[in-house]
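Below: the structure, in structure tokens.
Right, dumping it as structure tokens:
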């Protein structure tokens, strides 16, 4: 094979690999991988989170445990949720503000803890990229 033919073949192969890599990255570009970390000492018997078109349930979360990620088209840094513990059931209903960031790609983790406020307890969410 001549040098010119080898060079053309190498360029064609490089373009082919570049297109494959571009397609692979494009598939994951429009998705958010969202996970939840239980960031309190108290165990969660159940964590139920809701999104516009789906509901996800995680059972028996221990302190520091991180859930497997769920794949979404996009997410805010909070969502409606319900937590069942040994003591009680807590619910979080977020208030949507104008200008809140809507994540359309990448990884997002919500660290969830319980605040001991008087007279009742509440859920605290801290989002991390």
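Residue numbers (the numbering used here): 1496 to 1624.
We treat Cβ as the ideally placed atom computed from N, Cα and C, and that holds for glycine.
8 Å contact criterion, which residue i and residue j should meet: CB distance rounded
i            : j            : result
residue 1543 : residue 1577 : 4 Å
residue 1575 : residue 1588 : 5 Å
Span separating the alpha-carbon of residue i from that of residue j
i            : j            : result
residue 1550 : residue 1614 : 30 Å
residue 1553 : residue 1546 : 14 Å
residue 1600 : residue 1525 : 5 Å
residue 1566 : residue 1595 : 20 Å
residue 1537 : residue 1584 : 13 Å
residue 1586 : residue 1610 : 12 Å
residue 1612 : residue 1548 : 32 Å
Beta-carbon proximity list for residue i, same chain, < 6 Å, skipping 5 on both sides
i            : result
residue 1606 : 1532, 1534 and 1621
residue 1608 : 1534, 1535 and 1619
residue 1623 : 1604
residue 1572 : 1622
residue 1561 : 1530 and 1532
residue 1444 : Summary: the structure shown does not reach residue 1444, with the chain confined to residues 1496 through 1624, and so no result is reported for it.
Pair within 8 Å by beta-carbon distance, residue i and residue j
i            : j            : result
residue 1579 : residue 1541 : yes
residue 1530 : residue 1563 : yes
8 Å CB neighbourhood of residue i in its chain, flanking five on each side removed
i            : result
residue 1597 : 1569, 1570 and 1571
residue 1559 : 1532, 1533 and 1534
residue 1507 : none
Own chain residues within Cβ distance below 7 Å of residue i, not counting five before or after
i            : result
residue 1527 : 1567, 1569, 1570, 1598, 1599, 1600, 1601 and 1603
Please give the ranges of any beta strand (DSSP E) in the stretch 1572-1609, keeping only runs that are unbroken, at least 3 residues long and fully inside the region. Counting only runs of 3 or more, we get 1576-1579 and 1584-1587.
In chain order, each beta strand (DSSP E) run of at least 3 residues that lies wholly inside the stretch 1543-1577: With a minimum length of 3 residues, the unbroken runs of beta strand (DSSP E) contained wholly in the stretch 1543-1577 fall at 1549-1556 and 1565-1567.
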